[in-house]
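Undergrad:
There are 2 protein chains.
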Amino acid sequence: MQEDKTEQIIVAVDAMGGDNAPLEIVKGSVDAVNKSKSVKVVLIGQEDVIRPVLSQLPCPKGQIEIRNATEVISTEETPVMAVRKKKDSSIVVGERMVKNGEADAFVSAGSTGAVLAGGSLIVGRLKGVERTPLGALIPTAKGVAFLVDSGANMDCKTTYLVQFAKMGAIYMEHVMGIKNPRVALVNVGVEEEKGNALAKEAHQLLKDCRDINFIGNIEAREIPAGGADVVVCDGFVGNVVLKSYEGVSGVLISEIKKSLMGSLRTKIGGALIKPALKEMLKNFDTSEYGGAPMLGLNGLVVKTHGSAKAKEIRNSILQCVTFKEQRIKEKIQENLVSGSEDTK
Amino acid sequence: MQEDKTEQIIVAVDAMGGDNAPLEIVKGSVDAVNKSKSVKVVLIGQEDVIRPVLSQLPCPKGQIEIRNATEVISTEETPVMAVRKKKDSSIVVGERMVKNGEADAFVSAGSTGAVLAGGSLIVGRLKGVERTPLGALIPTAKGVAFLVDSGANMDCKTTYLVQFAKMGAIYMEHVMGIKNPRVALVNVGVEEEKGNALAKEAHQLLKDCRDINFIGNIEAREIPAGGADVVVCDGFVGNVVLKSYEGVSGVLISEIKKSLMGSLRTKIGGALIKPALKEMLKNFDTSEYGGAPMLGLNGLVVKTHGSAKAKEIRNSILQCVTFKEQRIKEKIQENLVSGSEDTK
Numbered sequence: 000m001q002e003d004k005t006e007q008i009i010v011a012v013d014a015m016g017g018d019n020a021p022l023e024i025v026k027g028s029v030d031a032v033n034k035s036k037s038v039k040v041v042l043i044g045q046e047d048v049i050r051p052v053l054s055q056l057p058c059p060k061g062q063i064e065i066r067n068a069t070e071v072i073s074t075e076e077t078p079v080m081a082v083r084k085k086k087d088s089s090i091v092v093g094e095r096m097v098k099n100g101e102a103d104a105f106v107s108a109g110s111t112g113a114v115l116a117g118g119s120l121i122v123g124r125l126k127g128v129e130r131t132p133l134g135a136l137i138p139t140a141k142g143v144a145f146l147v148d149s150g151a152n153m154d155c156k157t158t159y160l161v162q163f164a165k166m167g168a169i170y171m172e173h174v175m176g177i178k179n180p181r182v183a184l185v186n187v188g189v190e191e192e193k194g195n196a197l198a199k200e201a202h203q204l205l206k207d208c209r210d211i212n213f214i215g216n217i218e219a220r221e222i223p224a225g226g227a228d229v230v231v232c233d234g235f236v237g238n239v240v241l242k243s244y245e246g247v248s249g250v251l252i253s254e255i256k257k258s259l260m261g262s263l264r265t266k267i268g269g270a271l272i273k274p275a276l277k278e279m280l281k282n283f284d285t286s287e288y289g290g291a292p293m294l295g296l297n298g299l300v301v302k303t304h305g306s307a308k309a310k311e312i313r314n315s316i317l318q319c320v321t322f323k324e325q326r327i328k329e330k331i332q333e334n335l336v337s338g339s340e341d342t343k
Numbered sequence: 000m001q002e003d004k005t006e007q008i009i010v011a012v013d014a015m016g017g018d019n020a021p022l023e024i025v026k027g028s029v030d031a032v033n034k035s036k037s038v039k040v041v042l043i044g045q046e047d048v049i050r051p052v053l054s055q056l057p058c059p060k061g062q063i064e065i066r067n068a069t070e071v072i073s074t075e076e077t078p079v080m081a082v083r084k085k086k087d088s089s090i091v092v093g094e095r096m097v098k099n100g101e102a103d104a105f106v107s108a109g110s111t112g113a114v115l116a117g118g119s120l121i122v123g124r125l126k127g128v129e130r131t132p133l134g135a136l137i138p139t140a141k142g143v144a145f146l147v148d149s150g151a152n153m154d155c156k157t158t159y160l161v162q163f164a165k166m167g168a169i170y171m172e173h174v175m176g177i178k179n180p181r182v183a184l185v186n187v188g189v190e191e192e193k194g195n196a197l198a199k200e201a202h203q204l205l206k207d208c209r210d211i212n213f214i215g216n217i218e219a220r221e222i223p224a225g226g227a228d229v230v231v232c233d234g235f236v237g238n239v240v241l242k243s244y245e246g247v248s249g250v251l252i253s254e255i256k257k258s259l260m261g262s263l264r265t266k267i268g269g270a271l272i273k274p275a276l277k278e279m280l281k282n283f284d285t286s287e288y289g290g291a292p293m294l295g296l297n298g299l300v301v302k303t304h305g306s307a308k309a310k311e312i313r314n315s316i317l318q319c320v321t322f323k324e325q326r327i328k329e330k331i332q333e334n335l336v337s338g339s340e341d342t343k
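Residue numbers (numbering that gives the first Met the number 0), protein chains in the order written: chain A, 0 to 343; chain B, 0 to 343.
1) Please determine, among A:Thr139, A:Lys60 and A:Val12, the residue with the shortest C-alpha to C-alpha distance to Phe283 (chain A).
2) For a contact meaning CB atoms closer than 9 Å, what does Gly194 (chain B) contact in chain A?
3) Determine the chain A residues that contact Glu254 (chain B) at a beta-carbon separation under 8 Å, and present them in chain order.
4) Please report the distance separating the alpha-carbon of Lys330 (chain A) from that of Val247 (chain A).
5) Is it right to say Gly194 (chain B) is buried, meaning 16 or more other beta carbons lie within 10 angstroms of its own, or is it exposed?
6) Checking 7 Å against the spacing of the C-beta atoms, do Ala164 (chain A) and Ile214 (chain A) come in under that value?
7) Taking any Cβ of chain B, which residues in the stretch 213-227 of chain A have a Cβ under 7 Å from it, in chain order?
8) Determine whether the beta carbon atoms of Glu254 (chain A) and Met279 (chain B) lie at a separation below 7 Å.
9) Given this structure, state the Cα-to-Cα distance separating Gln1 (chain B) from Leu160 (chain B), to the nearest angstrom.
10) Use the C-beta contact count for Leu317 (chain A): other C-beta atoms within 10 angstroms, 16 or more gives buried, fewer gives exposed.
11) Using the Cα positions of Glu218 (chain B) and Glu101 (chain A), report the straight-line distance between them to the nearest angstrom.
12) Which residues, taken in chain order from the stretch 238-251 of chain A, show a beta carbon closer than 9 Å to some beta carbon of chain B?
13) Determine whether the beta carbon atoms of Val147 (chain B) and Pro132 (chain B) lie at a separation below 7 Å.
14) Using the three-state DSSP reduction, which class does Asn212 (chain A) fall into: helix, strand or coil?
15) Tell me whether Gly27 (chain A) sits in a helix, a strand or coil according to DSSP, three-state version.
16) Spatial neighbours of Val25 (chain B) within its chain, please: CB distance less than 8 Å, with the 5 preceding and 5 following residues excluded, ordered by chain position.
17) Are Val128 (chain A) and Val97 (chain A) touching if we call contact CB-CB under 7 Å?
18) Which term fits Arg83 (chain B), buried or exposed, when burial requires 16 or more other beta carbons within 10 angstroms of its beta carbon?
19) The beta strand (DSSP E) with Gly226 (chain B) in it runs from where to where?
20) Do you know whose CA, among A:Thr74, A:Val92, A:Val38 and A:Leu335, lies nearest Leu120 (chain A)'s CA?
21) What's the call for Val336 (chain A), buried or exposed, on a 16-neighbour Cβ count within 10 Å?
22) Within the same chain, show all residues whose beta-carbon is closer than 7 Å to that of Ala309 (chain A), passing over the 5 residues directly before and after it, in chain order.
23) Which chain B residues are close to Val41 (chain A), counting only those with a beta carbon under 9 Å from its beta carbon?
24) What residues from chain B crowd round Ala183 (chain A), counting only those whose CB sits closer than 9 Å?
25) Residues of chain B with CB closer than 7 Å to the CB of Arg264 (chain A), please, in chain order.
26) So, are the CB atoms of Gly109 (chain A) and Gly16 (chain A) less than 7 Å apart?
27) What number of angstroms, rounded off, separates the C-alpha of Arg124 (chain A) from the C-alpha of Asn216 (chain A)?
28) Between the stretch 62-85 of chain A and chain B, which residues of the former have CB atoms less than 7 Å from a CB of the latter, in chain order?
29) Buried or exposed, going by whether 16 or more other CB atoms sit within 10 Å of the CB of Ile8 (chain A)?
30) How far does the beta strand (DSSP E) with Val40 (chain B) in it extend, from its first residue to its last?
31) By the criterion of Cβ-Cβ separation under 9 Å, what are the contact partners of Val320 (chain A) in chain B?
32) Alpha carbons only, please: which of A:Lys60, A:Cys232 and A:Glu94 is nearest the one belonging to Arg130 (chain A)?
33) Counting only beta-carbon separations shorter than 7 Å, does Val187 (chain A) have a partner in chain B?
34) In whole angstroms, what is the alpha-carbon distance linking Thr69 (chain B) and Leu197 (chain A)?
35) Kindly say whether Ala275 (chain A), judged by its beta-carbon, lies nearer than 7 Å to any beta-carbon of chain B.
36) Looking only at its own chain, which residues have a Cβ that is under 7 Å from the Cβ of Ser46 (chain A), when we skip the five neighbours before and after it?
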């Protein structure tokens, strides 16, 4: 059955989460099923809200259904508490479907904390996985890099980082199609004696991993330049990398736009370069790749940006198809169980 | 004497350090003394190398001299060892001058590690200062922010962060002239329960500091937007913030340039917007402000970029004048000694 690539893959989608729910979520889901015959989407949320939106969009019969869930978890709620209390929320219902095998994956633009908490509490970790990181695909001058952990685990042990590296490498190789991906550890210098205690120890363990292509430390400056395919760090540092990315590029682009509005001369110049600039910036648009997968779970959970529009939702759903077809879960399981003997 | 602002301030400058030594270093020093009557520069390094460069540049008599130092510490050397072994290097000689009171400050574009190691080992910490951070001025949409620690101390205790916050606030208020600067702690969310163990604890201590304007946590995304004046974190995270800044803006700008060379249309557009773009990017040029001061020492040590040109050297030297005139060292001493009772 694992070899049967024509098997239909069921993706549960949180229709209530994010800034643009339900419209963009439903649109993205419809786009996904129109794009791929092998996916079936279950939209989860308040049926009376979702139904009118869905009925307006043309889509193939039998590939989308709605599963009613009456409650909604907001981003203001304390994640663990919300997940425990709101049993009939779209996040809990969706993650329970993954747990029960009713769905292969769950996609949500809702509360990151609740999605992550539910991932651990409801879906559960694979045997041998110490912590489940959130991976994020980030644009670089050479394409895309996978930042893992991008924000799920704050205080990490070195062994967690080693597992993040292995899971990240599997993801990049088999979902993104990058052969023998270069794995690097975020640090303040390339020399192996550099860094804080965590980085120094992790460097030594990673050097001894025979099943990944560890290329050493990477300074944050080299991440956007495309210095590595898998960028490993704890979730605190990963969050800083990711948010710095968004912040710096956001400010620069807005300052450039402002400076183009300064005079007639720059307005004309701006009009001439606009299409090329737009094309260039598209390469720096993370929504092209879909959301951030939570790795090491007994199923797949993908968190998109809260501001996700149809394109990111569609791509996240299609990412789930590749994840399942490439048997990423099984590969992680096999690798970490055998790998854990490697490094001990 | 502390009130006498016409007193001459002596700045020792490492003429051998950095990618552009000695030419740009000497040029910057000459520019500084031409700009300010209250500064005297002592260029430190190999006299036979420095003298020919200096003799070609017009400068007022008596404001620049050379102090011969035969050895040079390279960036490849292990910092602590190099500082211990090379007693006659420009870094060691310069820092010893500060220690002995022969100079008020030392400016270097050389090995960061050696400059920092020498700062602690030779110049020494002020009484009550637990760790001496490296502050960095970083451009924001609203002006400039002070990132402290930007890379000197890897594994920090919460009490270090509190001192970084206090020293950073004094620097921003009295050197940069920002009244009641907003101090924020780098974290993964604004809520106080967010973050790793260090950030959670530091938040609580900072909340209780009555002598700084603590505005809470700041996400890395809000740093470039100008969300705080003093941005506090450990040196590992600070280095990631700083290098992400450089990396993302570097890649974006180079990609924009590339996209402008794509066609005749974009070339014309590019030519029209070039002056405005240049002006805008100047605001994102950290060399406008001078180098990174090491705070909490018994004297001032300023580390510029390794790639520093004359402008950054000049501004770093002038920064030393303000530092001395504003009695920053004394203010830090007074604040930390009284402040340490505050938080205990």
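C-beta atoms are modelled at their ideal positions from N, C-alpha and C, and glycine is treated no differently.
TA: Put simply:
1) The shortest Cα separation from Phe283 (chain A) among A:Thr139, A:Lys60 and A:Val12 belongs to A:Thr139.
2) Met153 and Phe235
3) Ala140, Met279, Asn282 and Phe283
4) Inter-residue distance for Lys330 (chain A) and Val247 (chain A) is about 36 Å (C-alpha atoms, whole angstroms).
5) buried
6) no
7) Glu218, Ala219, Arg220, Glu221, Ile222, Pro223 and Ala224
8) yes
9) Since pLDDT at Gln1 (chain B) reaches only 45, below the 50 mark, its modelled position is unreliable, and the value read off the structure follows with that caveat. Approximately 29 Å between the Cα atoms of the pair.
10) That one is buried.
11) 37 Å
12) Asn238, Val239, Val240, Leu241, Lys242, Ser243, Tyr244, Glu245, Gly246, Val247, Ser248, Gly249, Val250 and Leu251
13) yes
14) The answer is strand: DSSP assigns Asn212 (chain A) an E or B state.
15) helix
16) Ala14, Leu42, Ile49, Val52, Leu53 and Leu56
17) no
18) exposed
19) It is not in any beta strand (DSSP E) - Gly226 (chain B) carries neither H nor E in the DSSP assignment.
20) A:Val92
21) Exposed.
22) Glu23, Lys26, Gly27 and Asp30
23) Ordered by position in chain B, no residue passes the 9 Å Cβ test against Val41 (chain A), which lies about 30 Å from the chain.
24) In chain order: nothing, as chain B lies at least about 13 Å away.
25) Leu271
26) yes
27) When rounded, the distance between both Cα atoms is 28 Å.
28) With the criterion set as a beta carbon lying under 7 Å from some beta carbon of chain B, the stretch 62-85 of chain A has no members that meet it.
29) buried
30) Looking at the DSSP string, the run of the beta strand (DSSP E) that includes Val40 (chain B) is Val38 to Gly44.
31) None at all; the shortest Cβ gap to chain B is about 31 Å.
32) When only C-alpha atoms are compared, the closest one is A:Cys232.
33) yes
34) 39 Å
35) yes
36) Sequence inspection shows Glu at residue 46 (chain A); the Ser mentioned does not correspond to that position. These residues qualify, in order along the chain: Ile65 and Asn67.
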